[in-house]
Amino acid sequence: MKNRLLPYIIALSALFVSSCAVFYSVYGLSQLFAGASKAVIVMASSLEIAKLVVASLLYQYWGELNRLLRFYLTIACITLMFITSGGIYGFLSGAYQETATKSELMDKHTLMLQTKQNRFNEQLKAEKELLIYYTEALSNPTMIQYIDRETQQLITTTSSRQRKLMTSQLNEVKSNIYMLNDSISIYDMKILEKEVSNEEVRELGPLKYVAKSLGVEMDKVVNYFLLLIVCVFDPLAVCLVIAANFAFSRNTTKGEVYRYFSDWTNIFTKRYYIKK
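With my numbering applied, the sequence shown has no gaps in its numbers, which climb one by one up to 410 at the end.
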């Protein structure tokens with residue numbers, strides 16, 4: 135039972151892997167030649183099917199085929215594997231590039247928000263310095279000291295008018311500090327919302343972690359990862375097709391075929407005589 139079931143499992147696995155490879159390859163090639171995508175889909179689909187048929191043909195009739203034909207079919211199958219791998223690489227790299235582009239746009243938007251927030255932080259720093267200055271100037275209940283902006287000289291005075299003016303300026307500075315803190319908090323929330331809603335960053339998170347751990351650029355990490363997938367994907371599909379042919383040829387010998395044919399012949403013969 136196990137020997138009879140295994141070839142079908144291998145065949146189903148080969149069909150599934152081959153179908154995925156065909157889809158990724160055909161879609162990737164159609165995106166590469168977007169000007170004639172429908173024609174490319176038809177052409178690439180026919181070539182993908184032909185590749186699997188050629189792989190089975192070479193395995194089944196390797197010793198019976200003409201040497202020149204066998205050589206050509208082998209080269210054609212290998213070339214089609216490279217074409218399929220190129221289509222798969224184009225599909226996967228295009229998907230990564232699309233996600234990376236969206237992530238970069240979100241990062242730029244976040245950076246723009248942070249730049250605006252930094253301006254408010256600089257203004258807040260200046261206002262805090264003014265707050266300290268006015269507070270120290272008004273700390274003496276009888277006299278006030280301040281620096282004249284025109285002459286840059288320290289002036290000491292007991293003028294109540296000047297005290298009221300500086301008190302008014304101090305209140306204005308406090309109001310500005312309150313508004314700036316409020317604006318900075320608003321931009322904090324905007325930046326946090328952008329970071330939370332950025333699905334592309336979460337998708338690229340593992341790749342960024344690997345790139346950071348290895349000290350390599352993320353594009354190089356992605357490129358190596360795609361090459362590993364490409365080197366395994368289509369060659370595995372072709373090898374599974376050959377393995378399915380091998381399993382079926384080993385499982386179903388000529389004697390078993392003759393026995394199955396004889397059994398069905400006897401069944402139909404008995405039914406014929408019973409009806410007669």
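Heads up, the beta-carbon is just placed ideally off N, CA and C, and yes, glycines get one too. Predicted, not measured: the structure shown is a model, and the values here were computed from it.
When the beta-carbon positions are compared, residue 258 and residue 314 come within less than 8 angstroms of each other. With fewer than 16 other Cβ atoms inside 10 Å of its own Cβ, residue 167 counts as exposed. Between residue 260 and the set 311, 230, 215, the nearest pair of CA atoms involves 311. In this structure, the beta-carbon distance from residue 164 to residue 153 does not fall below 8 angstroms. Taking the Cα of residue 268 as reference, the smallest distance to any Cα among 240, 247, 302, 248 is reached at 302. Within the same chain, Cβ atoms closer than 6 angstroms to the Cβ of residue 158 are found at 222, 225, the five residues on either side in sequence being excluded. Taking the Cβ atoms as the reference, residue 202 lies roughly 15 angstroms from residue 191, outside the contact range of under 8 angstroms. Non-local C-beta neighbours of residue 262 in its own chain, meaning closer than 7 angstroms and more than five positions away in sequence, comprise 311, ordered along the chain. One alpha carbon belongs to residue 316, the other to residue 308, and they sit about 12 angstroms apart.
Nearest Cα to residue 370 within the set 173, 156, 324: 156.
With distances taken between CA atoms, residue 215 lies nearest to 188 out of 188, 235, 327, 229.
Linking residue 355 to residue 198 through their CA atoms gives a straight-line distance of about 46 angstroms. Residue 193: member of the alpha helix (DSSP H) spanning 171–194, first to last residue. Going by beta carbons, residue 218 and residue 322 fall outside the 8 angstroms limit.
Leaving aside the five residues that flank residue 151 on each side, the residues in its chain whose CB is nearer than 8 angstroms to its CB run, in chain order, 367, 370, 371, 374. Apart from the 5 residues on each side of it in sequence, residue 196 sits with its Cβ closer than 8 angstroms to the Cβ of 204 in its chain, given in chain order.
One alpha carbon belongs to residue 358, the other to residue 235, and they sit about 19 angstroms apart. Secondary structure at residue 200: coil, using DSSP grouped into helix, strand and coil.
Taking the CA atoms as reference points, residue 255 sits about 26 angstroms from residue 299. About 5 angstroms separates the Cβ atoms of residue 376 and residue 193, confirming a contact at the 8 angstroms cut-off. Secondary structure of residue 382 (DSSP, three-state): helix. Residue 238 sits in a helix when the DSSP states are folded into three classes. Distances from the CA of residue 273 to each of 252, 246, 304 were compared; the closest alpha carbon is that of 304.
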